[in-house]
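Chains as they are written, first to last, in the UniProt record's numbering: chain A, 1 to 375; chain B, 1 to 375.
The beta carbon of each residue, even a glycine, is placed where N, CA and C say it ideally should be.
Only a predicted model underlies this, so the values are computations on that prediction, with no experimental measurement involved.
Scroll down for the structure; my scribbles are underneath it.
2 protein chains.
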Amino acid sequence: MTTTPRRARAPRQSDVARLAGVSQSAVSRVIGGDTDTARIPEATVRRIQDAIKELGYVPNPTARKLRTGRNRMLGVHTFEAVFPRAREDFYFEFLLGIEERAEEIDHDLVLFTSTGGSDGRRRVYRDGVNRLNVADGAVLLGVAADRAELARLEADGYPFVHIGRREVPGTRITCVVPDYESAAAAIVDRLADLGHERIAYLRAGIDEESYADRRRGYESAVERRGLRDVSPERPGLEGAGLDAAGSETAGPASAGPGTVWLDAVADGAVTAVVADAEWLANPLAERLAERGLTVPRDVSVAVLEGVGPDAAVHWDCLQIPRREVGRLAIDTLVGLLDEPGTPVADVLVPCVVVEGETVAAPPAGSPAPTKGSSA
Amino acid sequence: MTTTPRRARAPRQSDVARLAGVSQSAVSRVIGGDTDTARIPEATVRRIQDAIKELGYVPNPTARKLRTGRNRMLGVHTFEAVFPRAREDFYFEFLLGIEERAEEIDHDLVLFTSTGGSDGRRRVYRDGVNRLNVADGAVLLGVAADRAELARLEADGYPFVHIGRREVPGTRITCVVPDYESAAAAIVDRLADLGHERIAYLRAGIDEESYADRRRGYESAVERRGLRDVSPERPGLEGAGLDAAGSETAGPASAGPGTVWLDAVADGAVTAVVADAEWLANPLAERLAERGLTVPRDVSVAVLEGVGPDAAVHWDCLQIPRREVGRLAIDTLVGLLDEPGTPVADVLVPCVVVEGETVAAPPAGSPAPTKGSSA
DNA sequence: TTGAAAGCGTTACCAA
DNA sequence: TTGGTAACGCTTTCAA
Numbered sequence: 001m002t003t004t005p006r007r008a009r010a011p012r013q014s015d016v017a018r019l020a021g022v023s024q025s026a027v028s029r030v031i032g033g034d035t036d037t038a039r040i041p042e043a044t045v046r047r048i049q050d051a052i053k054e055l056g057y058v059p060n061p062t063a064r065k066l067r068t069g070r071n072r073m074l075g076v077h078t079f080e081a082v083f084p085r086a087r088e089d090f091y092f093e094f095l096l097g098i099e100e101r102a103e104e105i106d107h108d109l110v111l112f113t114s115t116g117g118s119d120g121r122r123r124v125y126r127d128g129v130n131r132l133n134v135a136d137g138a139v140l141l142g143v144a145a146d147r148a149e150l151a152r153l154e155a156d157g158y159p160f161v162h163i164g165r166r167e168v169p170g171t172r173i174t175c176v177v178p179d180y181e182s183a184a185a186a187i188v189d190r191l192a193d194l195g196h197e198r199i200a201y202l203r204a205g206i207d208e209e210s211y212a213d214r215r216r217g218y219e220s221a222v223e224r225r226g227l228r229d230v231s232p233e234r235p236g237l238e239g240a241g242l243d244a245a246g247s248e249t250a251g252p253a254s255a256g257p258g259t260v261w262l263d264a265v266a267d268g269a270v271t272a273v274v275a276d277a278e279w280l281a282n283p284l285a286e287r288l289a290e291r292g293l294t295v296p297r298d299v300s301v302a303v304l305e306g307v308g309p310d311a312a313v314h315w316d317c318l319q320i321p322r323r324e325v326g327r328l329a330i331d332t333l334v335g336l337l338d339e340p341g342t343p344v345a346d347v348l349v350p351c352v353v354v355e356g357e358t359v360a361a362p363p364a365g366s367p368a369p370t371k372g373s374s375a
Numbered sequence: 001m002t003t004t005p006r007r008a009r010a011p012r013q014s015d016v017a018r019l020a021g022v023s024q025s026a027v028s029r030v031i032g033g034d035t036d037t038a039r040i041p042e043a044t045v046r047r048i049q050d051a052i053k054e055l056g057y058v059p060n061p062t063a064r065k066l067r068t069g070r071n072r073m074l075g076v077h078t079f080e081a082v083f084p085r086a087r088e089d090f091y092f093e094f095l096l097g098i099e100e101r102a103e104e105i106d107h108d109l110v111l112f113t114s115t116g117g118s119d120g121r122r123r124v125y126r127d128g129v130n131r132l133n134v135a136d137g138a139v140l141l142g143v144a145a146d147r148a149e150l151a152r153l154e155a156d157g158y159p160f161v162h163i164g165r166r167e168v169p170g171t172r173i174t175c176v177v178p179d180y181e182s183a184a185a186a187i188v189d190r191l192a193d194l195g196h197e198r199i200a201y202l203r204a205g206i207d208e209e210s211y212a213d214r215r216r217g218y219e220s221a222v223e224r225r226g227l228r229d230v231s232p233e234r235p236g237l238e239g240a241g242l243d244a245a246g247s248e249t250a251g252p253a254s255a256g257p258g259t260v261w262l263d264a265v266a267d268g269a270v271t272a273v274v275a276d277a278e279w280l281a282n283p284l285a286e287r288l289a290e291r292g293l294t295v296p297r298d299v300s301v302a303v304l305e306g307v308g309p310d311a312a313v314h315w316d317c318l319q320i321p322r323r324e325v326g327r328l329a330i331d332t333l334v335g336l337l338d339e340p341g342t343p344v345a346d347v348l349v350p351c352v353v354v355e356g357e358t359v360a361a362p363p364a365g366s367p368a369p370t371k372g373s374s375a
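This is the structure we're talking about:
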């Protein structure tokens, strides 16, 4: 059994042409289905097709790409590894949407996975080579996108879209983003409709575009509805005094001076709170409970992120349309490819506002707001 | 802000050459690092590098591929979607090893994900195009590989390796496989060493190469050690009478006539059982318990697959070296690329035999075996 | 209707 | 040492 299976050289168009007794360009045109412009006789077409079948000819996508610039291959680049379990929830739905849509429009998907350096971060450029270049364009995503690489890609004229808003000074990159701004505004509107007049915003304190979007939505809605904003001055757990030790959860944490805001809430200064994240809302509810207040009876709380259905608390929240974002990323990218000159604009994908069990009308006896004065 | 960002055409070597005032081939040689064969003056090199930097030139991998046939890009094709949770455990470790090793040897990884047809099965060939061709070669894996596609790929001379043994008549494909045969034999050896003399093999009844491997290992070891094989005649749950209704697990399942084997085991005809899978071992233990037998006191049981550490029962089992298989798949593939003429041979990766809590010495009073007679 | 030839961006050979 | 040039496999224009 020492049969060295000689790898047959893959047949080319010229081989087909020779076998069929036609020119190479005839073969190309038959394959391209160019029956309109250059009508090739039935008989010739048959002969060519027979030759193709006999030789088992398959077009070479690399050569095609070099010639036409198109592959019908779309790249996907994630700035972090997809597989570690923790990240998976983040990426999974996006990828689902991406794959779904790419297939619908008959494009192949190529996932670029290798990390460039030793730091585990994935890079687009490795040894100065833009690896994505084998694909027609790419969808980039990741919690920690490398802005320098985004800028360089854009400068190089490589067509790509980014999932999630990313702003890089001096560059205009096309982003597909959940419409956090409208969603945040909608949530504030709903609170206002229910009768809340004094509300607060609990910021995560993360310096990222999507949080800025949420905040803008909150602020504009507060202004528009004439509500009174009684937010803590500083972001994060400490900013709201939420790191202060409770009764049994007590660690050696300093019950810092920061509980003024929390105390004010307990005193009824605020009837509704909008929080950037679940990890802010949970301790808030706990601290309020310690002070004898119940959510949503005394204070309504809404969360500006998606909360899984099996979470302990069914927060009123928004739902990030990950799947749809993935699908739209593909459509946007293909649009970019088809219409290279088009001015870029972010694509906003609406978030559904989910009604949970943590928002209700304000307590009946809540004092009327003192318009105009600030906390 | 109607700045239509004109996408700059990506700079080519000729642009660099013009700017640096040298020929294009000089640029190519500087980039290729061919300082040995063609010594280019320090000054020229500097000028070229400056031009590269100024223009932001990056080599075009497509053109490179077309010219040299190599990309340092390796494809990964899975015959099923990777992401659905159920599949994930299967693929995850393989992919980890693949990615790890590919990066070590400075290759990029390209994951081909799109499904070819409407049936959800992923195909290599779509519209007659071998999509994998953009990569230098590929690692294929999947529980349900399409053998016709494997054969065609081989016939086309495309370099690939398959994870898991796949035999296609008339073709010799390179596989990287866990060494189930040796592992099964090792487990039988261990049982024999403990003093077991009458053992049985519970087959999954799945018609796949890896199960044949296990079986071969079992049979050869049984023969070599002169053990008596008292296996059920037919595979699967029914074959062993394990679908027979127990006390409370009773559904309307017919307690078929197939319990003869089970009854014989209960009577002490067998002191050790080797099972293809956990889903066979679990009901076996239950049925034995119903008959008053305990594992491993009365009957030892070993499982020929990997069992997670958080399984209810800590089976004696084997550990599939998925990560290592992934790594070796990459090495084997690259070997194929570097040495195209090499005769192909399967690569076996040893499985560790894990000692659990379900194998022990046979009960003291077990009757001596009647050598030579068969069940 | 068909074929010849240019060109996509690169590498590698062969002269100069 | 350097530059010209052929070739990789394909698409597409232009002539025949």
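Backbone CA spacing between residue i and residue j [nearest angstrom]
| i | j | result |
| --- | --- | --- |
| Ser66 (chain A) | Val45 (chain B) | A small correction: the amino acid at residue 66 (chain A) is Leu; Ser does not occupy that position in the sequence shown. If I take the Cα positions, the gap works out to 28 Å. |
| Val301 (chain B) | Gly170 (chain B) | 39 Å |
| Gly33 (chain B) | Val22 (chain B) | 16 Å |
| Pro369 (chain B) | His196 (chain B) | Residue confidence is low: Pro369 (chain B) scores 45 on pLDDT, short of 50, so the model does not pin down where it sits. Its coordinate-derived value is still stated next. Near 10 Å, if we compare the C-alpha coordinates of His196 (chain B) and Pro369 (chain B). |
| Gly142 (chain B) | Arg121 (chain B) | 11 Å |
| Leu150 (chain B) | Glu167 (chain A) | 46 Å |
| residue 391 (chain A) | Leu348 (chain A) | Because residue 391 (chain A) is not part of the residues shown, which for chain A are 1 to 375, the question remains open. |
| Glu99 (chain A) | Thr113 (chain B) | 7 Å |
| Arg70 (chain A) | Asp136 (chain A) | 6 Å |
| Leu55 (chain A) | Glu42 (chain A) | 20 Å |
| His77 (chain A) | Arg126 (chain B) | 23 Å |
| Gly226 (chain A) | Leu96 (chain B) | 54 Å |
| Ser28 (chain A) | Gln13 (chain A) | 7 Å |
| Tyr211 (chain A) | Ile163 (chain A) | 15 Å |
Those residues which DSSP pairs with residue i across a bridge
| i | result |
| --- | --- |
| Arg46 (chain A) | Its beta-bridge partners do not exist; DSSP assigns none. |
| Tyr201 (chain A) | A:Val274 |
| Ser300 (chain B) | B:Ala272 |
| Phe160 (chain B) | B:Ala138 |
| Leu348 (chain A) | A:Val177 |
| Phe112 (chain A) | A:His77, B:Val110 |
| Tyr125 (chain B) | B:Asn130 |
| Asp229 (chain A) | A:Ile199 |
Contact check, residue i vs residue j, beta carbons under 8 Å
| i | j | result |
| --- | --- | --- |
| Gly326 (chain A) | Glu93 (chain A) | yes |
| Leu280 (chain B) | Leu202 (chain B) | yes |
| Pro61 (chain B) | Asn133 (chain A) | yes |
| Ile40 (chain A) | Val16 (chain A) | no |
| Glu305 (chain A) | Glu278 (chain A) | yes |
| Ala275 (chain A) | Trp261 (chain A) | no |
| Leu140 (chain A) | Ile330 (chain A) | no |
| Ala269 (chain B) | Val299 (chain B) | no |
| Ala221 (chain B) | Val265 (chain B) | no |
| Pro178 (chain B) | Cys351 (chain B) | yes |
| Val334 (chain B) | Leu191 (chain B) | no |
| Val353 (chain B) | Ala183 (chain B) | yes |
| Leu237 (chain B) | Asp229 (chain B) | no |
| Arg72 (chain B) | Asp106 (chain B) | yes |
| Thr342 (chain B) | Val161 (chain B) | no |
| Asp156 (chain A) | Val58 (chain B) | yes |
Buried versus exposed call for residue i [16 or more other C-beta atoms within 10 Å across all chains shown]
| i | result |
| --- | --- |
| Arg6 (chain B) | Caution applies to Arg6 (chain B), whose pLDDT of 44 falls short of 50 and renders its modelled position unreliable; the model cannot decide the point. |
| Arg198 (chain B) | buried |
| Ala253 (chain A) | Summary for Ala253 (chain A): the model assigns pLDDT 45, below 50, so the residue's position carries little reliability; its value from the coordinates is reported in the next sentence. With fewer than 16 other Cβ atoms within 10 Å, it is exposed. |
| Ala250 (chain B) | Reliability of the predicted coordinates at Ala250 (chain B) is poor, the pLDDT of 42 falling under 50, and the value obtained from them is presented with this limitation in mind. That one is exposed. |
| Ala102 (chain B) | buried |
| Ala144 (chain B) | exposed |
Could you name the residues of the segment 125-146 of chain B whose beta carbon sits closer than 8 Å to any beta carbon of chain A, in the order they occur along the chain? Listed by position along the chain: Tyr125, Arg126, Gly128, Val129, Asn130, Arg131, Asn133, Val134.
Cβ-based contacts, 7 Å cut-off: residues of the UniProt domain "HTH lacI-type" (11-68) of chain A near chain B: Listed by position along the chain: Gly56, Val58, Pro59, Asn60, Pro61, Thr62, Ala63, Lys65, Leu66.
With 9 Å as the limit, tell me which residues of the segment 147-164 of chain B have their beta carbon closer than that to any beta carbon of chain A; keep them in chain order. Answer set for the segment 147-164 of chain B: Arg152, Glu154, Ala155, Asp156, Gly157, Tyr158, Pro159.
Determine which residues of the segment 93-111 of chain B have a Cβ less than 8 Å from any Cβ of chain A, and write them out in chain order. When C-beta distances to chain A are compared with 8 Å, the residues of the segment 93-111 of chain B below that value are Leu95, Leu96, Glu99, Ala102, Glu103, His107, Asp108, Leu109, Val110, Leu111, in chain order.
Can you pull out the residues from the segment 331-362 of chain B whose beta carbon lies closer than 7 Å to at least one beta carbon of chain A? Listed by position, the residues of the segment 331-362 of chain B near chain A (Cβ gap below 7 Å) are Pro340, Gly341, Pro343, Val344.
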